[in-house]
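A.B. asks: Sequential numbering from 793 applies to the sequence shown in the numbering used here.
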Amino acid sequence: MIVYDAASRLFTLHTQNTTYQMKADEYGVLLHTYYGPRLSGGDLSYLIRGADRGFSPNPNETGHCRTYSLDTLPQEYSTCGVGDFRLPSLEPELTDGSHACDLRYTGFERWNGKYALEGLPAFFGGAQWQTLVIFLEDAAAHLRVELYYGVLEEHDLITRAVRILNRGKSSVRLRQAASVCLDFQRGDLEMMTFNGRHAMERCPSRAPLRPGVQGVGSIRGASSHQHNPFVILCEPACGEDYGLCWGAMLLYSGNFQAQAERSQFEDSRLVMGINPYHFCYTLSPGESFITPEAALICSPCGFGQMSRQYHRAIRTHLLRDPMAGTQKPVLVNNWEATYFDFDSEALVRLAQAAAPLGIGLFVMDDGWFGRRDSDSSSLGDWQVNSEKLPGGLEALVSRIKALGMKFGIWVEPEMVNEDSALYQAHPDWALKIPGRPCARGRSQLVLDFSRQDVREHIYGALHAILASADITYVKWDMNRSLSDVWSAALPPERQGEVYHRYVLGVYELLERFRRDFPHVLIEGCSGGGGRFDAGMLYYTPQIWCSDNTDAIDRLRIQYGTSFCYPPCTMGAHVSAVPNDQNGRVTPLETRGIAAMSGAFGYEMDLSQTTPQDRAVIQKQTADYRAYYSLIHQGDYYRLSDPFRDPLTAWAHVSQDKREALVSAVYGTVHAAPPFTALKLKGLDPAQHYQINGAGSWPGDALMQAGYPLPLPWGDYQAFQLHLCAIEE
Ligand code: GLA
């Protein structure tokens, strides 16, 4: 609900559990007055006080009043160069060389429904949404700034985006244009970020804000394995099930920055958006720039509720899954089974072993095109290697389909090897700086996706592949960071646009494929989870969570990922042991339980399994099908912290709380272990539940006192409990 009070120019946004408020003051400065647990109403600007603060300037029109300063007031969208020295949100460079902007309120619009952002991913939906647009103006620069707010009451979601319009007669260069600024009149907050590296993504890290600026970001051209465009601010006492926290997520897959500043008077500011590194976007007169969308959720009841609200909002208003409403088949991918060394016969053998085990989708990974026998050649040459696949895709696909399986394929559209016909014909299509030898990553270069002609060529080549056979799934990979960023198609003064135009180009191509092949599920991937962000999820409703398929490492990766992204978005596969990434040996049952908590599949040579293993796998695929709606539509509860606790446990609970799937994985075992009672969450305290088909367990006891787990015997034992409410 959006409430506007004309007399005090006060905007109050209510969601089910939270309230967000801002106010245009007597000078037209848009002040942020409150974001927290839901309030009945009122004007929270009474909390804002002024004092004569040394070295904090006063705007010209306040005369000689020394108690009003942009440097100390909580701002809704911070400016620069005119007296606020904290983190700026917008930094324009004008033709006179000045870097300043001073935004004043001029009006607003609101309507039912959700705004859309041209060319960018955004939450969508109809009547459940309300939109508010607030207009601000910098009179000297002739810049109009439109602050967009989308309110999804049910899920406590507030989205934000900004459109900046040059209404002047000369061009303006945007040096920074953040998506969101959030001011707090308190400095005692902590920040949680999700960090890692290739094959170990999104490990949470939490620390109190210290005076000054701290943050995370990416200048790799993708959102990155190293830091995720999702951060949390919270009270020091906030935990999984209690305390106040604020999540901020950016729907963007390129360079981002999320910074928090604790400033001199113990207030805090969070600014999040496109990373200003090598960003300089020229707006000619009449042109506008739209920032990526940010999505905020405040939870008065800890991280768990915040995550569940993000999960629900993402599932219902961001994912566009062509297979929604059906059960997606369990897949088998040949990558770890064969790497580049395969032909049709080998693939069919793998599929023959998989089909009787309840696996319905066969995915052919890297190595099927050009002369791709290793990772040093052929990216860009998207023609089937007919030595490996005689008769082409059609022949292979019909053999796979004859086994009752669907067929999927791997592509890496954004990349090119120098050893390729494409690069030989168009060396200027790769990003590189003239006169400078460019860096290779995995022996490959990055195609200049800011260019229409490059995208058009790749579109044509991949369209032909997708149209040539019955393909229902595509794995869209991206296996290096961007370096040597320079486009042969743009003049020097526009090179600061390349990173962003690259991302827009990726989005445009994904959208075209979605439109032309609406039945095809595209799974995102970037060396695993190097581009696992909400922007990609709009186009690729599931993303390969990590190249690390070790079940125990995966518990941590999936735990961190779950703070923002729902389990159904996380590609998770069972692979062979010893694990190819870390050499660990874990029981097949444990690998199944860890992977089953996402978009489930296998990544191993199933023809090499024992009859006992095959029986286990058959049960796993049957269980996954039985629990599918719990995993894909249920609420997710973290029951322990794998970075701290000896046991990792989590639960998927149906919306009506009548059914739950609890999974628990022990770490390494020790002699004479203590007994563990696992406290469950999310159940109906008044219900009694059967567990794995037996007993009658009161919901309140299971949550308050716990369920006794069997003692572990051997490393990495795992258990699954299936709870069903007993009919009274
Ligand atoms: C990346 C992916 C893997 C696999 C390889 C193929 O590393 O993350 O799953 O597809 O590329 O080259």
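Yeah, the Cβ is synthetic: ideal placement off N, Cα and C, and Gly gets one too.
Since this is a predicted model, take the numbers as computed values, not measurements.
Can you give me the C-alpha to C-alpha distance between Phe1324 and Ser1045, rounded to a whole angstrom?
C.D. replies: Taking the sequence shown and counting its residues from 1, one reaches residue 1324 at position 532. Taking the sequence shown and counting its residues from 1, one reaches residue 1045 at position 253. A direct Cα-to-Cα measurement between Phe1324 and Ser1045 gives close to 8 Å.
A.B. asks: Just verifying my parser: in three-state terms, what is the DSSP assignment at Leu882?
C.D. replies: Residue mapping note: residue 882 aligns to position 90 of the sequence shown, counting from 1. Strand at Leu882.
A.B. asks: Where does Glu901 land, buried or exposed, given buried means 16+ other C-beta within 10 angstroms?
C.D. replies: Walking along the sequence shown from the start, residue 901 turns up at place 109. Glu901 comes out exposed.
A.B. asks: Could you give the DSSP three-state label for Ser1192: helix, strand or coil?
C.D. replies: Here the question's residue 1192 lines up with position 400 in the sequence shown. It is worth fixing the name first, because residue 1192 is Ile in this sequence and not Ser. In this structure, Ile1192 counts as helix in the three-state DSSP scheme.
A.B. asks: Mind the definition here: the stretch 1103-1118 touches the stretch 1362-1374 only if three or more C-beta pairs lie below 8 Å; say whether that holds.
C.D. replies: no
A.B. asks: Check the DSSP bridge columns for Ala1441 and list the partner residues they point to.
C.D. replies: Sequence index remark: in the sequence shown, residue 1441 carries index 649 (1-based). Answer is Ala1456.
A.B. asks: Quick one: what does DSSP say Asp1308 is sitting in, helix, strand or coil?
C.D. replies: Start at 1 with the first residue of the sequence shown, and residue 1308 comes out as number 516. DSSP places Asp1308 in the helix class (H, G or I) of the three-state scheme.
A.B. asks: If you drop the 5 nearest sequence neighbours on each side, which residues of the same chain put their C-beta closer than 6 Å to that of Phe1355?
C.D. replies: As a first step, residue 1355 must be located in the sequence shown, where it is residue number 563. Ser1099.
A.B. asks: If I measure Cβ to Cβ from Ser1279 and keep anything under 6 Å in the same chain, skipping five residues before and after, which residues do I get?
C.D. replies: Residue 1279 sits at position 487 when you count from the first residue of the sequence shown. Within the same chain, Ser1279 has close Cβ partners Asp1240, Ser1242 and Val1290.
A.B. asks: If you measure from the CB of Cys1337, is any heavy atom of ligand 1 nearer than 6 Å?
C.D. replies: Walking along the sequence shown from the start, residue 1337 turns up at place 545. No, since every heavy atom of ligand 1 falls outside the 6 Å radius drawn around the Cβ of Cys1337.
A.B. asks: Compute the distance between the beta-carbons of Gln1512 and Ile1385, then report whether it is under 7 Å.
C.D. replies: Locating residue 1512 in the sequence shown gives position 720, counting from the first residue. Locating residue 1385 in the sequence shown gives position 593, counting from the first residue. Yes. Within cutoff.
A.B. asks: Are the stretch 866-882 and the stretch 812-823 touching by the rule of at least three beta carbon pairs closer than 8 Å?
C.D. replies: yes
A.B. asks: Which class does Ser963 belong to by DSSP, given the choice of helix, strand or coil?
C.D. replies: Here residue 963 is taken as the residue at index 171 of the sequence shown, counted from 1. Secondary structure at Ser963: coil, using DSSP grouped into helix, strand and coil.
A.B. asks: How about Gly1152 and Pro1121: are their beta carbons less than 7 Å apart?
C.D. replies: As a position in the sequence shown, residue 1152 is number 360, starting the count at 1. As a position in the sequence shown, residue 1121 is number 329, starting the count at 1. The answer is yes: Cβ separation under 7 Å.
A.B. asks: Quick check on Arg1001: does DSSP put it in helix, strand or coil?
C.D. replies: Translated into positions along the sequence shown, residue 1001 becomes position 209. Looking at the sequence itself, residue 1001 is Leu, so the reference to Arg does not match. Coil.
A.B. asks: Could you check what DSSP says for Met1064 in three-state terms: helix, strand or coil?
C.D. replies: Position 272 of the sequence shown, counted from the first residue, corresponds to residue 1064. Correct three-state label for Met1064: strand.
A.B. asks: Under 6 Å from any heavy atom of ligand 1, does the C-beta of Trp1442 make it?
C.D. replies: Taking the first residue of the sequence shown as position 1, residue 1442 is located at position 650. No, the Cβ of Trp1442 stays beyond 6 Å of every heavy atom of ligand 1.
A.B. asks: Val964 to Arg1163, Cα distance in whole Å?
C.D. replies: Residue mapping note: residue 964 aligns to position 172 of the sequence shown, counting from 1. Residue mapping note: residue 1163 aligns to position 371 of the sequence shown, counting from 1. The straight-line gap from Cα to Cα measures roughly 47 Å.
A.B. asks: What are the boundary residues of the beta strand (DSSP E) that Leu1042 is part of?
C.D. replies: Locating residue 1042 in the sequence shown gives position 250, where the first residue counts as 1. First-last of the beta strand (DSSP E) with Leu1042: Cys1037 to Leu1043.
A.B. asks: Please name the residue, chosen from Glu1079, Ser1076 and Ala1050, that lies closest to Asn1067 on a Cα-to-Cα basis.
C.D. replies: On the sequence shown, residue 1067 is found 275 positions in, with the first residue counted as 1. Per the Cα distances, Ala1050.
A.B. asks: Do three or more CB pairs link the stretch 1416-1426 to the stretch 1373-1391 at distances below 8 Å?
C.D. replies: Touching, yes, given that three or more Cβ pairs across the two stretches are closer than 8 Å.
A.B. asks: Using alpha carbons as the reference points, say which of Asp1157, Trp1505, Cys1516 and Leu1503 lies closest to Ser1488.
C.D. replies: By one-based count along the sequence shown, residue 1488 stands at place 696. Measuring from the Cα of Ser1488, the nearest candidate turns out to be Cys1516.
A.B. asks: When DSSP labels each residue in this structure, what does Phe1095 get in the three-state scheme?
C.D. replies: If you number the sequence shown from 1, residue 1095 lands on position 303. Reduced to three states, the DSSP call for Phe1095 is helix.
A.B. asks: Just to confirm the assignment, what range does the alpha helix (DSSP H) spanning Ile1344 have?
C.D. replies: One-based indexing of the sequence shown puts residue 1344 at position 552. Ile1344 -> alpha helix (DSSP H) spans Ala1343 to Thr1353.
A.B. asks: With a floor of 3 residues, list each beta strand (DSSP E) that falls wholly inside the stretch 1245-1318, ordered by position along the chain.
C.D. replies: 1265-1268 and 1313-1316
A.B. asks: Using only the alpha-carbon positions, how far apart do Ala919 and His806 sit?
C.D. replies: Stepping through the sequence shown from its first residue, residue 919 is reached at position 127. Stepping through the sequence shown from its first residue, residue 806 is reached at position 14. For Ala919 and His806, the distance between alpha carbons rounds to 16 Å.
A.B. asks: Tell me the start and end of each unbroken beta strand (DSSP E) in the stretch 1003-1036 that is at least 3 residues and wholly inside, in chain order.
C.D. replies: 1004-1009 and 1022-1026
A.B. asks: What beta strand (DSSP E) runs, 3 residues minimum, are completely inside the stretch 961-995?
C.D. replies: 964-976 and 982-989
A.B. asks: What first and last residue would you give for the beta strand (DSSP E) that runs through Ile804?
C.D. replies: Taking the sequence shown and counting its residues from 1, the one referred to as residue 804 is at position 12. Residue identity check: residue 804 is Thr in the sequence provided, not Ile. Taken as a continuous stretch (DSSP letters only), the beta strand (DSSP E) holding Thr804 covers Leu802 to His806.
A.B. asks: What is the DSSP secondary structure of Lys1411, counted as helix, strand or coil?
C.D. replies: Within the sequence shown, residue 1411 is the residue found at index 619, counting from 1. In the structure shown, Lys1411 sits in a helix (DSSP, three-state: H, G or I).
A.B. asks: Excluding the 5 residues preceding and the 5 following Arg1430 in the sequence, name in chain order all residues of the same chain whose CB lies nearer than 7 Å to its CB.
C.D. replies: What you label residue 1430 is simply residue 638 of the sequence shown in a count that begins at 1. Glu1032, Gly1096, Tyr1351, Ser1354 and Trp1442, listed in sequence order.
A.B. asks: Within the present structure, is the beta-carbon of Asp1158 separated from the nearest heavy atom of ligand 1 by less than 6 Å?
C.D. replies: For this step, residue 1158 is matched to residue 366 along the sequence shown. Result yes, Cβ under 6 Å from ligand 1.
A.B. asks: Do Ala1129 and Met1396 have their CB atoms nearer than 7 Å?
C.D. replies: Working through the sequence shown from its first residue, we reach residue 1129 at position 337. Working through the sequence shown from its first residue, we reach residue 1396 at position 604. Yes. Within cutoff.
A.B. asks: Cα-Cα, which of Thr1083, Ser1016, Phe1081 and Phe976 is closest to Leu1036?
C.D. replies: Position 244 of the sequence shown, counting from 1, holds the residue named residue 1036. Nearest option by C-alpha distance: Phe976.
A.B. asks: Taking only three categories from DSSP, how would you classify Tyr819?
C.D. replies: Walking along the sequence shown from the start, residue 819 turns up at place 27. Tyr819: coil per DSSP, three-state reduction.
A.B. asks: Using the C-alpha atoms, what's the distance from Asn987 back to Leu981?
C.D. replies: Within the sequence shown, numbered from 1, the residue matching residue 981 stands at position 189. Within the sequence shown, numbered from 1, the residue matching residue 987 stands at position 195. Distance between the alpha carbons of Leu981 and Asn987: 19 Å.
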